[in-house]
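>
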Amino acid sequence: MPSRKKTTMFASAFFTCICSFVMICVVLATQHWMSSQLRLSSTESNVTISLTYGLFSGTCEQFVHVGIQVSESTFQVADTLKSTPAKHIIIAIIVILVLSLLSSLLSSGFTFTNAVSNPYQTFLGPIGVYTWNSLCGAFTFLAMILLPMNIEVHSLSTELAHGCFPLPETHINSSHSYGYSYWIMLLIILLNIASILIIYSYDHARYSKKKEQERPIENAPKDVILF
1 MPSRKKTTMF ASAFFTCICS FVMICVVLAT QHWMSSQLRL SSTESNVTIS LTYGLFSGTC
61 EQFVHVGIQV SESTFQVADT LKSTPAKHII IAIIVILVLS LLSSLLSSGF TFTNAVSNPY
121 QTFLGPIGVY TWNSLCGAFT FLAMILLPMN IEVHSLSTEL AHGCFPLPET HINSSHSYGY
181 SYWIMLLIIL LNIASILIIY SYDHARYSKK KEQERPIENA PKDVILF
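Everything in the sequence shown is counted per full-length UniProt numbering, starting at 1 for the first residue and increasing by one.
1. Run through DSSP, which three-state label would F112 get?
2. State the beta-bridge partners of G58 as determined by DSSP.
3. Could you name the residues that DSSP lists as bridge partners for R39?
4. Mind checking which residues open and close the alpha helix (DSSP H) that includes G163?
5. Restricting to Cα atoms, I'd like to know which of I184, Y202 and L28 is closest to V98.
6. What residue range does the alpha helix (DSSP H) around F123 cover?
7. Alpha helix (DSSP H) containing S83: first to last residue?
8. Could you tell me which residues DSSP pairs with Y178 in its beta bridges?
9. Which same chain residues end up closer than 7 angstroms to A161 when comparing Cβ atoms and leaving out the 5 residues on each side of it in sequence?
10. Where does T140 land, buried or exposed, given buried means 16+ other C-beta within 10 angstroms?
11. Are the segment 77 to 97 and the segment 145 to 154 in contact at 8 angstroms, needing three or more beta carbon pairs?
12. Spatial neighbours of F165 within its chain, please: C-beta separation below 6 angstroms, excluding the five flanking residues on both sides.
13. My output table needs one value for P2: the three-state DSSP class, helix, strand or coil.
14. Select from C136, F75 and V116 the residue whose C-alpha is nearest the C-alpha of S104.
15. Beta carbon of S36, beta carbon of S175: below 8 angstroms?
16. My guess is that F10 and N133 are in contact by the Cβ rule of under 8 angstroms, so how many angstroms apart are they, rounded?
17. F110 and V95 look like a contact to me (Cβ under 8 angstroms); what is the Cβ gap, rounded to whole Å?
18. If I184 sits next to V26, beta carbons under 8 angstroms apart, how far is it from one beta carbon to the other, in whole angstroms?
Here is the structure:
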């Protein structure tokens, strides 16, 4: 059976890993990644398109002149984008987050195993926890980078707007703001860092204690040697 200190430390890391797993599920399930406003003009009127969307679906509203709403629709991201580079990156983000979810699940399993037992295999110990939490954090960070790149390089919001409504040719400007679904990924990365730090503090304390016990006798106090 593991010591009380080990159980406490790994149970704390298990809690942060489970929180990370739940947060990734929330990120995938909610559709508040991005809110965009596109301002366009034609010879007849000025049009503003407001979009709120996630990885799978979103809503699109069209306004003309001084904010009079003309129409509103919902859309599926994959169907609206069809076969475009922007769609491929959205699919890549989904795959990356699924890998992050699996890494978080494995990390939770490893921390729980160490909280209730002493695994014989080295990889099932702290090394495994470091590995899966690092992968989870890396995958999540990559997803955070890919979405802004998709918006700036491939004009994701504009592509979605064109799929919802027939738009004028002239694009005046656009503004984007990231929703809570996007910023939750930052919390996921912090939770992974917290898990690694918890296990590292335990592992470092255990290593220091082990080295102290293995200290050569010549480094011991003289009265102990005489005794």
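From the three backbone atoms N, C-alpha and C, an ideal C-beta is built for every residue, glycine too.
Fair warning: this is a prediction, and the values are worked out from it, not measured in the lab.
Once the coordinates are examined:
1. As a working note, residue 112 is residue 112 in the sequence shown. Residue state, collapsed to three classes: helix.
2. Taking the first residue of the sequence shown as 1, we reach residue 58 at position 58. G58 pairs with Y53 and F75.
3. What you label residue 39 is simply residue 39 of the sequence shown in a count that begins at 1. DSSP, once it has assigned bridges, lists T48 and N173 as partnering R39.
4. Translated into the one-based positions of the sequence shown, residue 163 becomes position 163. Element bounds for G163: L156 to C164.
5. Translated into positions along the sequence shown, residue 98 becomes position 98. Among I184, Y202 and L28, the Cα nearest to that of V98 belongs to L28.
6. Within the sequence shown, the letter at position 123 stands for residue 123. Premise fails: F123 is in no alpha helix (DSSP H) and is neither H nor E.
7. For the purposes of this step, residue 83 is taken as residue 83 along the sequence shown, with counting starting at 1. Counting along the chain, S83 falls outside any alpha helix (DSSP H), and DSSP gives it neither H nor E.
8. Position 178 of the sequence shown, counting from 1, holds the residue named residue 178. In the DSSP output, where bridge partners are listed per residue, Y178 has M34.
9. Within the sequence shown, the letter at position 161 stands for residue 161. Same-chain partners within the cutoff: L38, I49, L51, C60 and L167.
10. By 1-based counting over the sequence shown, the position of residue 140 is 140. Under this definition T140 is a buried residue.
11. yes
12. Numbered from 1 along the sequence shown, position 165 holds the residue referred to as residue 165. Hits under 6 angstroms: Q62.
13. By 1-based counting over the sequence shown, the position of residue 2 is 2. The answer is coil: DSSP assigns P2 none of H, G, I, E or B.
14. To locate residue 104, count along the sequence shown from 1; it is residue 104. When each option's Cα is compared against that of S104, the closest is C136.
15. Looking up residue 36 in the sequence shown gives position 36. Looking up residue 175 in the sequence shown gives position 175. Yes, the pair counts as a contact, with Cβ atoms nearer than the cut-off.
16. As a working mapping, residue 10 is identified with position 10 in the sequence shown. As a working mapping, residue 133 is identified with position 133 in the sequence shown. In fact, because the Cβ distance is near 13 angstroms, the residues do not count as touching under 8 angstroms.
17. Within the sequence shown, numbered from 1, the residue matching residue 110 stands at position 110. Within the sequence shown, numbered from 1, the residue matching residue 95 stands at position 95. Rounded, the Cβ-Cβ distance is 23 angstroms, inconsistent with contact.
18. Here residue 184 refers to the residue found at position 184 when the sequence shown is read from its first residue. Here residue 26 refers to the residue found at position 26 when the sequence shown is read from its first residue. Their Cβ separation, rounded to whole angstroms, is 6 angstroms, which keeps I184 and V26 in contact under 8 angstroms.
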